[in-house]
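**Q** Handing you this structure, nothing more for now.
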Amino acid sequence: AQKVTQAQTEISVVEKEDVTLDCVYETRDTTYYLFWYKQPPSGELVFLIRRNSFDEQNEISGRYSWNFQKSTSSFNFTITASQVVDSAVYFCALSVTPGGFKTIFGAGTRLFVKA
Amino acid sequence: EAGVAQSPRYKIIEKRQSVAFWCNPISGHATLYWYQQILGQGPKLLIQFQNNGVVDDSQLPKDRFSAERLKGVDSTLKIQPAKLEDSAVYLCASSTGTGLDEQFFGPGTRLTVL
Numbered sequence: 807a808q809k810v811t812q813a814q815t816e817i818s819v820v821e822k823e824d825v826t827l828d829c830v831y832e833t834r835d836t837t838y839y840l841f842w843y844k845q846p847p848s849g850e851l852v853f854l855i856r857r858n859s860f861d862e863q864n865e866i867s868g869r870y871s872w873n874f875q876k877s878t879s880s881f882n883f884t885i886t887a888s889q890v891v892d893s894a895v896y897f898c899a900l901s902v903t904p905g906g907f908k909t910i911f912g913a914g915t916r917l918f919v920k921a
Numbered sequence: 408e409a410g411v412a413q414s415p416r417y418k419i420i421e422k423r424q425s426v427a428f429w430c431n432p433i434s435g436h437a438t439l440y441w442y443q444q445i446l447g448q449g450p451k452l453l454i455q456f457q458n459n460g461v462v463d464d465s466q467l468p469k470d471r472f473s474a475e476r477l478k479g480v481d482s483t484l485k486i487q488p489a490k491l492e493d494s495a496v497y498l499c500a501s502s503t504g505t506g507l508d509e510q511f512f513g514p515g516t517r518l519t520v521l
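The listed protein sequences correspond, in order, to chains A and B. If you count the first sequence from 1, position 13 lands on 819 in the working numbering, and the numbers rise without skipping. If you count the second sequence from 1, position 57 lands on 464 in the working numbering, and the numbers rise without skipping.
This is how it looks when you write it as structure tokens:
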């Protein structure tokens, strides 16, 4: 069975601090995709990144970076120099190819960034 | 480019009543998804269409929920009859291809069942 665990329910930081959101996934499939989405207070989920299981390269996009480690089944997300606008709920998701590319979301981590 | 449209944005009904939600995906997107997001949880996939065919509906409570995607464009999700535990936000999303692609989400419909 596939599963995504985001153990941190809520994180609170002060602006300009770095913060890492953890994501641990479970799947027996060798081909899968991992995603991060952001859900701001407005409610619409916004795509941040996609990674396939064959690409373990870390990625940096501005203040955002992602660390994918197959050995620990983790796909962690770091925000450097956090800003108030980063306050949102962040979801990690797993899509597996057998069975029609079903997407499983984690429970989410709510990030509060205080000024 | 217009985003995913959903209506209504809010709905309050009594238990055992019926309700329907509408979704218009981004033009040209072949895949459409309906998710249920209960407060404090991540979205749970209810049904996934590719064009007007169902790819996955394994988590759709088929005794009360139904969905269709006419002509491979708009979609409606219906609940009949509603239960208290159906209170949630119903999210529609679309993507260009399969479930491996980036999904674009609509604003959701918040359903309250009293």
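Positions of the beta carbon are idealized from the N, C-alpha and C atoms, including for glycine. All values reported here derive from a predicted model rather than from experimental measurement.
Does the segment 497-505 of chain B come close enough to the segment 435-448 of chain B to have 3 or more Cβ pairs within less than 8 Å?
**A** yes
**Q** Looking at C519(B): is its Cβ nearer than 7 Å to the Cβ of I445(B)?
**A** Per the sequence shown, residue 519(B) should be read as Thr rather than Cys. In this structure, T519(B) sits away from I445(B), with a CB-CB distance that is not shorter than 7 Å.
**Q** Could you give the first and the last residue of the continuous beta strand (DSSP E) run that contains S482(B)?
**A** 482-486
**Q** Ordered along the chain, which non-local residues of its own chain (more than five positions away) have a Cβ less than 6 Å from that of S871(A)?
**A** T884
**Q** With H, G and I counted as helix, E and B as strand and the rest as coil, what does DSSP make of V926(A)?
**A** Given a span of 807 to 921 for chain A in the structure shown, any question on residue 926(A) remains unanswerable.
**Q** For a cutoff of 7 Å on Cβ pairs, would you count F428(B) as touching chain A?
**A** no
**Q** Going along the chain, which residues of its own chain have a beta-carbon closer than 6 Å to the beta-carbon of E421(B), five neighbours each way excluded?
**A** L521
**Q** Indicate whether at least one CB of chain B lies closer than 7 Å to the CB of A913(A).
**A** yes
**Q** Hey, would you say Q812(A) sits closer than 7 Å to V902(A), going by beta carbons?
**A** no
**Q** By a C-beta neighbour count over all protein chains shown, 10 Å radius and 16 as the cutoff for buried, is F860(A) buried or exposed?
**A** Exposed: under 16 other Cβ atoms inside 10 Å.
**Q** Tell me whether the segment 910-920 of chain A and the segment 468-484 of chain B touch, counting them as touching only if at least three CB pairs, one residue from each stretch, are closer than 8 Å.
**A** no
**Q** Helix, strand or coil, according to DSSP, for E862(A) in the structure here?
**A** coil
**Q** Counting along the chain, where does the beta strand (DSSP E) carrying V426(B) start and finish?
**A** 426-431
**Q** Using 8 Å as the Cβ pair cut-off and three pairs as the minimum, do the segment 483-497 of chain B and the segment 831-847 of chain A touch?
**A** no
**Q** Taking a Cβ distance cut-off of 7 Å, strictly less, list which residues of the segment 869-891 of chain A are near chain B, in chain order.
**A** none
**Q** What three-state label does DSSP hand G479(B) in the structure shown?
**A** helix
**Q** For P450(B), I'd like the list of residues in its chain whose CB is within less than 6 Å of its CB, leaving aside the five on either flank, ordered along the chain.
**A** Y442, Q444, L498
**Q** In this structure, how does DSSP classify E492(B) when only helix, strand and coil are distinguished?
**A** helix
**Q** Please return the same chain residues whose Cβ sits closer than 8 Å to the Cβ of Q845(A), not counting the five positions on each side in sequence.
**A** L851, V852, A894, V895, Y896, F897, G914
**Q** Which residue's Cα is closest to the Cα of V891(A): T836(A), V819(A), W842(A), N864(A)?
**A** V819(A)
**Q** With a threshold of 16 other CB atoms inside 10 Å of the CB of I866(A), please say whether the residue is buried or exposed.
**A** exposed
**Q** In the DSSP assignment, the beta strand (DSSP E) including R916(A) goes from what residue to what residue?
**A** 915-920
**Q** Could you tell me the boundaries of the beta strand (DSSP E) in which A412(B) lies?
**A** 412-414
**Q** Please name the residue, chosen from G912(A), K876(A), S848(A), that lies closest to T837(A) on a Cα-to-Cα basis.
**A** K876(A)
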